[in-house]
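Q: Numbering (the UniProt record's numbering), first residue to last: 1 to 133.
Each residue gets a CB set at the ideal place from its N, CA and C atoms; glycine is no exception.
1) Between 128, 49 and 122, which has its C-alpha nearest residue 73's C-alpha?
2) Cutting at 6 angstroms between CB atoms, please list the residues of its own chain near residue 126, excluding the five before and the five after it.
3) Roughly how many angstroms lie between the CA atoms of residue 8 and residue 131, to the nearest whole one?
4) For the pair the region 42-61 and the region 76-87, tell me if three or more CB-CB distances fall below 8 angstroms.
5) Apply the 10 Å Cβ neighbour rule to residue 48 and answer buried if 16 or more other Cβ atoms are within range, or exposed otherwise.
6) In three-state terms, what does DSSP make of residue 23?
7) Bridge partners of residue 91, per DSSP?
8) Can you give me the Cβ contacts of residue 50 inside the same chain, cut-off strictly under 6 angstroms, excluding the 5 residues immediately before and after it?
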């Protein structure tokens, strides 16, 4: 896995959304940022579903994602149930933005933001799974 640094940073005054999410996905798939869709540009566009576009792109690579890793309303680290691969954690960053990072075995392995500081807390986890034929 080649860990990438995000190239766009949240700036509400300029109308820019950060691309931490796609930097994480690109890292997972060993792709360049130029090879992944700029999903962050769709977040405010109500005429399209950014999530549907994301899932369609993942499906085209032979993957799907699971976002429901909760027990009694609290996020449960996939490593606790034996998940061995890399996965994503989401939550607030110290910069006051919602952020995504890469975890493995219950620990932060990569933050795509140049600070590399991780999350203040984990609000959820996302795992990727190969589609069956």
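A: Reading it off the structure:
1) 122
2) 65, 67 and 88
3) 30 angstroms
4) no
5) exposed
6) helix
7) 99
8) 39, 42 and 43
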